[in-house]
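For reference, the structure discussed in these notes is given below.
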Amino acid sequence: MRHTPLHDEHEPLGGTMVEFGGWRMPVQYGPILEEVRCVRERVGLFDLSHMGRLRLTGPDAVAFVDRVATCYCARIPLGSIRYGLLCRPTGNPIDDILVYRGEDEVFLVVNAGNADADREWLRSHSEGFDVTLEDQTDELAMIALQGPLSEESLARVTTDLELPELGYYKFARGTVCGCPNVRVSRTGYTGEDGFEVYLPAEHAVGAWRALLEAGQASGMAPIGLGARDTLRLEAGMPLYGHEIDAEHNPIEAGLKFGVSFHEEKGDWIGRAALEKLHTAPTRALVGLTTAGKRVPRQGYALLDGDENVGTICSGAVSPTVGKHIATAYLPLHLAVTGQVVDMDLRGKRQACTVVDLPFYSRKRS
Amino acid sequence: MRPDDRHYLPSHEWVKSDGDTVVFGITDFAVEELSHGNEDDLVYCDLPEPGRKLAQGETFGEIESVKAVADLNSPLPGEVVEVNKTIEDHLQVLARDPWDKGWLIRVKPDDTSTSHLLDAEGYEASLGKADG
């Protein structure tokens, strides 16, 4: 199992460590539901150094990304970030990614568990493009601050960068915890305001400790992957292996915003299949809530009468919504707000109601 | 050391004799694994109806926390005669006292042979192995 540069920090903070995507990561430091509330109400600190970080350079970097990714890279303003996916010719994804468009580079953040496959996929489709792929996963640590008090917390240790001026899904460089020229983006996977910071691995421990100290006055706590999963589900964000995978395409997952059919983007891998799906989807990803006690879990069957109509993709106890929540694919005629389906629990049933996604969206000031 | 007045399954259930019936429960280790020391993390416990016949090793229920579901397995064969109704609505009772007040079900055993079960020492040893 791989260790992040912050691995040894987690257990002294009370972290329970688990395997995730090939890495040994903290699943929680305290009660998961309290960690969720901490991020919704204050600010949480996350070690995300397991995420894959790939840097593409060379004259064809942008054109290459436009060939392999669903988003329109050439149209991303410099200093901005877009969500996209790497798809197979079938339109089903290998991974979902964030694309950072820099002046002389394109920087990709990918899922830990898919990083090897992503790198292999990119390499195998790079013929004819003048592009260099550099894996920065090991040399960079990735730390996120998420929650309404992220900005004030990060500002205490940041110079050379005006955080209030850094817009949502934008990035810039600044000095963070004394470390110069650090990439900082206003991004996250929680539905809250927040930042992701990419530092050289050798500065990771010092920065992590300095951030925890700087965040004290704001009620900051370290947050594990358990709460992160609940936070992203409440915010209606997909997780590879749950809402999207080799059998679930981005169109039916409601991710059209990350897919460009713009003519000038040209042909890209998966385009034809996704265009077809876009005009004739057969199912849709929906949100479900249930008032029952049982928590929906991935793989549970959904029944409409006696007919098996779908499967739970993700489920969680949601302290923010105050109910258990889940996502699932349903055929279009059932993917309607207010529709009730039953979750099958070894023969027992519990009613679930289709609701609009996301379950939670923050009030923007 | 765990109580030595009962026997254990490696899957963390215990069984204790009580007159002509036996009582099943789960260990503090199981509770800790599910709740990480936070009793509110336990959300649901599904127990069988009285009258149900259980084979040895059969799954008789499930216990659920915020992030996981665990099967409850029968250490001995028999018929369910009583269910601890308190814990269905008050899982804190199980979290706080898994050895006594947090018992799960009472069973009239078909067979009281415990040769397939672990004693307290054997159970502790099995935990050591799992940790390593």
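Chains as they are written, first to last, in my numbering: chain L, 28 to 392; chain C, 5 to 136. We put the CB at the ideal spot given by N, CA and C, even for glycine. Computed from a predicted structure; not experimentally measured.
Once the 5 residues before and after residue i are set aside, which same chain residues still bring their CB inside 7 angstroms of it?
i	result
M6 (chain L)	The shown model of chain L, from 28 to 392, leaves out residue 6 (chain L), and the question about it has no answer.
D123 (chain C)	D8 and H11
A328 (chain L)	N335, T338 and D371
L33 (chain L)	D74, S76, A168, A231, V232 and W235
N208 (chain L)	R200
R324 (chain L)	I339 and G342
A300 (chain L)	P116, T117 and G118
K20 (chain C)	D9, R10, V26 and V27
G61 (chain C)	N77 and S78
G136 (chain C)	Note that G136 (chain C) has pLDDT 36, beneath the 50 cutoff, so the model's placement of it is unreliable and no number is given.
F33 (chain C)	H16 and L131
S69 (chain C)	L38, S39, D45, L46 and V47
Below 8 angstroms on the Cβ atoms is my contact criterion, and I expect residue i with residue j to pass it. Report the Cβ-Cβ distance as a whole number of Å.
i	j	result
E17 (chain C)	L76 (chain C)	6 angstroms
D122 (chain L)	V133 (chain L)	The Cβ separation is near 15 angstroms, so there is no contact.
A96 (chain L)	L112 (chain L)	7 angstroms
S245 (chain L)	E179 (chain L)	6 angstroms
D383 (chain L)	G314 (chain L)	6 angstroms
E219 (chain L)	G263 (chain L)	13 angstroms between Cβ atoms; not a contact.
C206 (chain L)	P227 (chain L)	7 angstroms
A142 (chain L)	G79 (chain L)	3 angstroms
I108 (chain L)	V126 (chain L)	7 angstroms
A254 (chain L)	V63 (chain L)	5 angstroms
V381 (chain L)	V47 (chain C)	Not confirmed; about 22 angstroms, so no contact.
G194 (chain L)	R213 (chain L)	6 angstroms
I278 (chain L)	H305 (chain L)	5 angstroms
P58 (chain L)	D45 (chain C)	6 angstroms
For residue i, I'd like the list of residues in its chain whose CB is within less than 6 angstroms of its CB, leaving aside the five on either flank, ordered along the chain.
i	result
G23 (chain C)	none
R110 (chain C)	T25, V27, V85 and E86
L98 (chain C)	I91 and G106
Y356 (chain L)	R310, L312 and G337
V158 (chain L)	L83, G85, D87, A88 and F91
S119 (chain C)	none
Y225 (chain L)	L167, M169 and R210
V344 (chain L)	V322 and H351
Which chain C residues sit within Cβ distance under 9 angstroms of residue i?
i	result
L60 (chain L)	N42, D44, D45 and V70
Determine whether the Cβ of residue i lies closer than 7 angstroms to any Cβ atom of chain L.
i	result
Y48 (chain C)	yes
H16 (chain C)	no
G136 (chain C)	Unreliable placement is indicated for G136 (chain C), whose pLDDT of 36 sits below 50; no coordinate value is reported for it.
K89 (chain C)	no
K105 (chain C)	no
Which chain C residues are close to residue i, counting only those with a beta carbon under 8 angstroms from its beta carbon?
i	result
G253 (chain L)	V70 and K71
Q163 (chain L)	The premise fails here: Q163 (chain L) is roughly 31 angstroms from chain C at the closest Cβ pair, so nothing lies under 8 angstroms.
R259 (chain L)	Those within 8 angstroms of R259 (chain L) in chain C number zero; the least Cβ separation is about 14 angstroms.
R64 (chain L)	The contacting residues do not exist; R64 (chain L) stays about 12 angstroms from chain C at best.
Is the shortest distance between the beta-carbon of residue i and the beta-carbons of chain C less than 7 angstroms?
i	result
T354 (chain L)	no
T316 (chain L)	no
T43 (chain L)	yes
Using a C-beta to C-beta distance shorter than 7 angstroms, which residues of chain C count as neighbours of residue i?
i	result
R321 (chain L)	Y48 and E68
V344 (chain L)	V47 and V70
Q55 (chain L)	H40
R324 (chain L)	V73
Suppose the cutoff is 8 angstroms on Cβ atoms and the five residues either side in sequence are ignored; what does the same chain contact list for residue i look like?
i	result
E302 (chain L)	F288
A139 (chain L)	F47, G48, G49, W50, H77, M78 and G79
E274 (chain L)	N119
Would residue i count as contacting chain A if we go by Cβ distances under 7 angstroms?
i	result
T63 (chain C)	Going by chain labels, chain A is absent from the structure shown, which instead holds the protein chains L and C.
Can we count residue i as close to the ligand HEM, meaning its CB is less than 6 angstroms from some heavy atom?
i	result
P14 (chain C)	This structure does not include the ligand HEM; it has no bound ligands of any sort.
With a floor of 3 residues, list each beta strand (DSSP E) that falls wholly inside the stretch 231 to 279 of chain L, ordered by position along the chain. List check, beta strand (DSSP E) in window: nothing returned.
Going residue by residue through the stretch 94 to 130 of chain C, where are the continuous beta strand (DSSP E) segments of at least 3 residues, counting only ones entirely within it? Qualifying beta strand (DSSP E) stretches, in chain order: 109 to 113.
Residue ranges of each alpha helix (DSSP H) run of no fewer than 4 residues wholly in the stretch 48 to 115 of chain L, ordered along the chain? Segments of the alpha helix (DSSP H) lying fully in the stretch 48 to 115 of chain L: 59 to 68 and 88 to 95.
Please specify which runs of the beta strand (DSSP E), each continuous and at least 3 residues long, are wholly inside the stretch 340 to 385 of chain L, giving them in chain order. Whole beta strand (DSSP E) segments, 3+ residues: 350 to 358, 367 to 372 and 375 to 382.
Within the stretch 118 to 185 of chain L, ranges of the beta strand (DSSP E) (whole runs, at least 3 residues): The stretch 118 to 185 of chain L contains these whole beta strand (DSSP E) runs: 120 to 128, 133 to 137, 159 to 162 and 167 to 173.
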